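Data first, discussion second: the structure below is written as structure tokens.
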Ligand code: SAM
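Residue numbers (my numbering): 3 to 268.
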């Protein structure tokens, strides 16, 4: 534990094998035989995976000392240890062109960026099981009407079913983090098309949540001076009240508004 992570001192390493087992056992990996672990560190999850599951396991680790440790202590990984930054990797060419599940006790400071990377590669990644900061886990897994439902919740829930699996106490880490932790599972929901322009959807969701307490009438008015032509009841709602489907409808309505001169918009 002490030899590593000089550079990544902000990281918290799991020292409880029962939690490692619970995390790995949460993988369903239906129809998948390949797993990618992000940030294996000293391999607490990796060892349990290799000893108890029959997956072809790849790991991506940014810390060189950890990579050396893994080569030395987990030789079964052979050439499936990838040294580098998960965020910068071209996953299809540098990891696997075949779909795989992702697992990891994530580096908490970049967990949101990791989810955006997962979204970019959603066709390759049908499942994610990961440990992360509890607040982020709650945010991602909560639905409309919740105080913590936000941009990442909508983007991820458009493509994945998200389950909050269990909370993890701080004393199972070395060093113990100041924040609480939790484990979640994302499973592809089978959607292949969003049903609206994806780029516009991203813009609409972001713009709406930038002013999450405001009615849509105010938060999205910069899209068009004709925004008042949208449904009046819809315009009184706040972003945190809208489901993914409603955001898709809203995006389609805005797109029609932007591209057509016809009135009124339903
Ligand atoms: N899996 C180990 C455990 O549970 O004890 C280590 C978890 S530690 C919270 C996060 C790990 O991710 C560290 O080993 C760190 O070096 C690695 N890491 C941080 N940023 C990374 C990145 N961008 N790409 C790949 N690995 C990263």
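Ideal Cβ placement from N, Cα and C applies to all residues, glycine included. None of the values given here were measured: they were computed from a predicted structure.
At the level of alpha carbons, what is the spacing between residue i and residue j?
i	j	result
residue 203	residue 160	11 Å
residue 199	residue 258	11 Å
residue 99	residue 37	12 Å
residue 217	residue 153	16 Å
residue 125	residue 176	35 Å
residue 145	residue 155	7 Å
residue 196	residue 251	10 Å
residue 212	residue 106	30 Å
residue 172	residue 39	22 Å
residue 246	residue 80	42 Å
residue 142	residue 114	10 Å
residue 261	residue 229	13 Å
residue 138	residue 78	33 Å
Could you tell me whether any non-hydrogen atom of the ligand SAM is closer than 7 Å to the CB of residue i?
i	result
residue 65	yes
residue 105	no
residue 62	yes
residue 15	yes
residue 112	yes
residue 68	yes
residue 47	yes
residue 270	The chain is shown only over 3 to 268; residue 270 falls outside these bounds and no answer can be derived.
residue 79	no
residue 57	no
residue 171	no
residue 40	yes
residue 35	no
residue 335	The structure shown does not extend to residue 335, since the chain is modelled only from 3 through 268, so no value can be given for it.
residue 43	yes
residue 88	yes
residue 128	no
With DSSP as the reference, label residue i as helix, strand or coil.
i	result
residue 210	helix
residue 102	coil
residue 191	coil
residue 244	coil
residue 233	coil
residue 21	helix
residue 176	strand
residue 163	strand
residue 82	helix
residue 71	helix
residue 33	coil
Could you tell me if the beta carbon of residue i falls within a distance shorter than 7 Å of some heavy atom in the ligand COA?
i	result
residue 135	Of the ligands one can find in the structure shown, namely the ligand SAM, none is the ligand COA.
For residue i, I'd like the list of residues in its chain whose CB is within less than 6 Å of its CB, leaving aside the five on either flank, ordered along the chain.
i	result
residue 254	198
residue 188	130, 162, 164
residue 66	none
residue 43	15, 68
Leaving out five residues on either side along the sequence, give the residues of the same chain with a beta carbon under 8 Å from the beta carbon of residue i.
i	result
residue 193	160, 161
residue 7	No answer about residue 7 holds up, because its pLDDT of 46 lies below 50 and its placement is not dependable.
Return yes when the Cβ of residue j is within less than 8 Å of the Cβ of residue i, no when it is not.
i	j	result
residue 185	residue 104	no
residue 76	residue 45	yes
residue 110	residue 134	yes
residue 121	residue 93	no
residue 31	residue 50	no
Near residue i, which residues of its chain fall below 7 Å by C-beta distance, leaving aside the five closest residues on each side in sequence?
i	result
residue 206	222, 249, 252, 253, 256
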